[in-house]
Amino acid sequence: MMNSVPLEHILFVSTALFFIGMYGLFTRRNLITILMSIELILNSVNINFVAFNKYLYPAKLDGVFFAIFIITIAAAEAAVAIAIIINLYRSHQSIDVEDAAELKF
Amino acid sequence: MNASQIIFYGISAFILGAGMLAVTTTKVFRAAIWLLFALIGIAALYFWMQVEFIAAVQIIVYVGGIVVLIIFSIFLTQQSGKEMPKPSTGRMISSILAALFGLIFSYHLISHYGFTPSAKQFVVPVAEIGTQMLSTTEYGYILPFEVVSFLLLAAMIGCIVIAMKSPEDKTNQVFSLSESSPSEPKIIGEV
Amino acid sequence: MSNYLYIILIFLLPLATFLLLGLFGRKYFKTSAGFIGTLSLLTSTVLSLKAAYQYFFIDGKVDGVYQKIEAIKFTWLQFSPGISIDMGIIIDPISVMMILVVSFVSLMVHLFSLGYMKGEERFATYYAFLSLFTFSMLGLVLSTNIFQLYIFWELVGVSSFLLIGFYYQKASAVAASKKAFIVTRFADLGFLIGILILGFYGGTLDIGTLIQRLTSAQSAEYIGITTASFLGISCLTWGLVLIFIGGAGKSAMFPLHIWLPDAMEGPTPVSALIHAATMVVAGVYLVARLFPIYSIEESALHIVMYIGAFSALLAAIIACTQTDIKRVLAYSTMSQIGYMMFALGVSQNGVENNLGFTASMFHLFTHAFFKSLLFLGAGAVIHMVHSNEMKDMGGLRKWMPVTHFAFLIACLAIAGIPPFAGFFSKEEILLAAYHADKMIYGVALFTAALTAFYMFRLYFSIFWNAPVQTESHDNAHHHHHSEGTMTMKLPLIILTICAMAAGFIPFSKFITLSGTPTESHMDITFSIAPVLLAILGIAVAMKLYKNANDIPSRIASSMGGFYTAAKGKFYVDKVYLFVTKKIVFNLIGRPAAWIDKNIVDGLINFIASLTAWISSLIKGIQSGRVQNYALYFFGGVAGLSLIFIYWWK
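Residue numbers (the numbering used here), protein chains in the order written: chain A, 13 to 117; chain B, 805 to 995; chain C, 30 to 678.
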């Protein structure tokens, strides 16, 4: 199929998704929802890679590979993050990020 | 406007809408479901971009693994029916401003760059991916493949160690341990 | 000359002993400190004797004149091509005599302290301080450069401070040491200004060069210093008078004498060493060292003479009324130093071959022996009776025969009875005074009579004058204390021999102003008057004090106000206290303290509280909340990207 959609539009989608994820990172208080926002950010980056690969360098596969690796690492990172959340829940009885402010002055 | 454009804009609206709902809803389970929809939308986008393999990987790993993991952890750590507190207004305003600023700034840079798309077709056979992943020649990705396997091993071990209960916590979580030191968790509720 | 280089050992040995005992004495040398100190002093004394023998008898003379030899000289601090502080050793008649006196008396004191200070907990510290003092004094007398002399002058002051305040738990000792240090330090201010004046006009700080430049009437420096004047008095006089003020402080001349009686709070051997024989003569030594310049400046020399004579008379009067035996000896020291000072003062160029100079040095020499003997004897008495007051003593000649004999010889010497040492030196002083100024001669004669009187008052009150009814009580009481160990008796015996024999040394053969040995002749007819007056004084003292009677108290009440004033030391202390407490403290001290506490400290406190306030405003950044940190992070990235993309190409 022809590339009927210009590259900039796909990049707009990925950028918007990135900043939506960033908004969620800044605003949410529950640790699990913060994790969800981080997953949104990672996905936006994935879209970026694949789009660039398809539009600018169709002869090579590097973008696709980057996307695969990012998905892998995101999975590992999500698992570790969940483990940390569970550990934090055990010691603080809550997973509100405001309650974990021990590094305050 | 041909059909692929319409499909693209539809999928994009779906993704962005689900994403926005995921970061603003007050119920945590709903947020997880909206996230699920956003990820499925992204998989649809990959299908539209004709990288079917990535779409498949996305659905298997993200939707089928990570979202399930998140839902498990929601069950483990809190009551999912309860509403989450909304953020303070000041924080909301400043975050919206930051996000909007970032979006406008980045899109301004992107749109003025002037990308020149190539006219060639983008064909991604799975066999090609596989061969290149394990090839040792130029453009081969065998080394990152091995390194990622280390990472996965380390992540697995790390998760187990972090989430493991400490040895004196071996008693059943249902009963409260009030006679021990106050820092010990008083577990209420059943698992 | 290299064959005098061993002299450097004479004063370096006490320094090494000080460092050794000071640093390690408390832990390692608790009981052997005394032996180490005495041993090093013995070596110094032997070397001094060798130096004296070599200088005076073998090779000191060139063409029959004693030379000033600079054994060592090296530049320490160079201010300008002409002015520098050099460190050097000078060997000339008076410096050799002084090292002999200092090391010998110090050795006697070290020996005596072995017995006197036995059992003292800070035994090693005591010997360390004694060694420090000996080092400083030896350095002082061997200095070639006037600033080097000043450095050692201050060191001597410090050692005196440390030793007076040795019993630091006693408040009176601490106050006395502070007083001594502050008064001498105040006098040293004058000394320093005098050094600066002389150094500026003379263009050098080296004593030999200074004397050379300022005594020849044609030299540019002499003309410069005498034409420059301040308040109508030539700068040369100012310089010399200021230097003399420094010397007067150290030698306890009126009005800077107030520290000497209080300095008796220190241990008695210390009083013997520092405040009788060596440190207090430092002022006399200073004037003697710079004497060629003094002798061409009449007015400065007259000031020296009048202050010396007045101090001698004043101290003798006060000494007649004191009851603490160490105070009597302190005032006696002040009086004798007054003698030495005015002897220098009456000495003029060309008259009788500077007899006054030789007489003063001779008196310094003999005074060292009999005054230290007196103090050590007093120390033995105090050791036995455990009190300083005369009323607690009496009839001690039965219990302390050696001390009694030594004390008697010393009293005879200081009174000027032939053939003991004091007679010869006093007679020379009186002769010099007679030829120069008859009024001073009259004052000196009267003071000599008073000296004999109060010394024998002291002698009879201690050793005779036994209260009859308490004799049996004394029997039981004194059996517990002995006269003292052999180490305490041996110095007394040695010093007694010196006090008897020192007068026979033909002093003017060795020490004169110009360096040429001269014959001194004995004028028998001249010496009849002083000796008769001395015997009269002794007789009066014997009548009043040999046995208990009430004649002294009757005389005291008949003298009334004068007696009370003399007993109160003529209220000089009270004047000083008034000036310092009411005027200096209130007018200067309190405002200065207020400024320091409120303005200076207030400024610093303000800066500190300002910093704390700023930090309390800023500390909110570290809130411990991760999302705040994330916002700051994003803000930073955005800002930097804006800067780098749009502004800084």
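Every residue gets a Cβ at the ideal spot worked out from N, C-alpha and C, and that includes glycine.
| query | result |
| --- | --- |
| Of the residues C/P43, C/I236, C/T266, which one's Cα is nearest the Cα of C/G168? | C/P43 |
| Can you list the residues of chain A that C/V608 reaches, using a CB-CB cut of under 7 Å? | Chain A residues near C/V608: none, gap ~57 Å exceeds 7 Å. |
| Using 9 Å as the limit for Cβ to Cβ distance, is A/Y101 near chain C? | no |
| If you measure from the beta carbon of A/K72 to each beta carbon in chain B, is any gap under 9 Å? | yes |
| For the stretch 51-72 of chain A, list every residue whose C-beta sits within 9 Å of some C-beta in chain C, in sequence order. | none |
| With a Cβ-Cβ cutoff of 9 Å, do C/Y488 and C/A348 count as a contact? | no |
| In the DSSP assignment, find the beta strand (DSSP E) that holds C/D115 and state where it starts and stops. | 113-120 |
| Would you call C/L106 buried or exposed, if buried means 16 or more other Cβ atoms sit within 10 Å of its Cβ? | exposed |
| Using the three-state DSSP reduction, which class does B/Q809 fall into: helix, strand or coil? | helix |
| Quick one, which of A/I46, A/N65, A/F30 has its alpha-carbon nearest B/V928's? | A/N65 |
| Taking Cβ-Cβ distances shorter than 8 Å, what residues in chain C pair up with A/V92? | None at all; the shortest Cβ gap to chain C is about 16 Å. |
| Should C/D291 be labelled buried (16 or more other beta-carbon atoms within 10 Å of its own) or exposed? | buried |
| Would you identify the three-state DSSP class for C/L178, choosing helix, strand or coil? | helix |
| Would you check if the distance between the CB atom of C/A409 and the CB atom of C/Y145 is smaller than 9 Å? | yes |
| Could you tell me whether the Cβ of A/A6 comes closer than 9 Å to any Cβ of chain B? | Look at the range of chain A in this structure, 13 to 117, and you will see that residue 6 of chain A is not part of it. |
| Using a Cβ-Cβ cut-off of 7 Å (strictly less than) and excluding sequence neighbours within five positions of C/V472, which residues of its own chain qualify? | A338, L342 |
| Please list, in chain order, the chain C residues whose beta carbon lies closer than 9 Å to that of A/A113. | S652, G653, R654, V655 |
| Could you name the residues of chain B that A/F117 contacts, counting a contact when the two beta carbons are closer than 8 Å? | The contacting residues do not exist; A/F117 stays about 20 Å from chain B at best. |
| Taking Cβ to Cβ, would you say A/M34 is nearer than 9 Å to B/A835? | no |
| Considering only residues of the stretch 37-116 of chain C, which uninterrupted alpha helix (DSSP H) runs meet the minimum length of 4 residues and lie entirely inside it, listed in chain order? | 62-82 |
| List, in chain order, every chain A residue whose beta-carbon is nearer than 9 Å to that of B/I933. | L73, V76, F77, I80 |
| Using beta carbons (cut-off 9 Å, strictly below), is C/F673 in contact with chain B? | no |
| Just checking: is the beta-carbon of B/R834 within a distance shorter than 9 Å of some beta-carbon in chain C? | no |
| So what does DSSP say about A/F31, is it helix, strand or coil? | helix |
| Can we say the stretch 563-581 of chain C touches the stretch 438-457 of chain C, given the rule of at least three CB pairs closer than 8 Å? | yes |
| Report yes if the CB atom of C/I175 is closer than 9 Å to the CB atom of C/I119, and no otherwise. | no |
| Are the beta-carbon atoms belonging to A/V25 and A/I59 less than 9 Å from one another? | yes |
| For C/N32, is the classification buried or exposed, using 16 other Cβ atoms within 10 angstroms of its Cβ as the cut-off for buried? | exposed |
| Kindly indicate which three-state DSSP category A/E89 falls into: helix, strand or coil? | helix |
| Could you check whether the Cβ of B/F876 sits closer than 9 Å to any Cβ belonging to chain A? | yes |
| Thinking B/I815 and B/L849 are a contact (beta carbons under 8 Å), I'd like their distance in whole angstroms, please. | 5 Å |
| Check the DSSP bridge columns for C/D630 and list the partner residues they point to. | None, per the DSSP bridge assignment. |
| Where does C/H139 land, buried or exposed, given buried means 16+ other C-beta within 10 angstroms? | buried |
| Tell me, to the nearest whole angstrom, how far the beta carbon of C/S132 is from that of C/T67; I am working on the premise that it is less than 8 Å. | Not quite, the Cβ-Cβ distance comes to about 12 Å (not below 8 Å), so this is no contact. |
| Is the CB of A/L23 under 9 Å away from at least one CB in chain C? | no |
| Taking C-alpha atoms, which residue in C/D121, C/I101, C/S124, C/V125 lies nearest to C/D115? | C/I101 |
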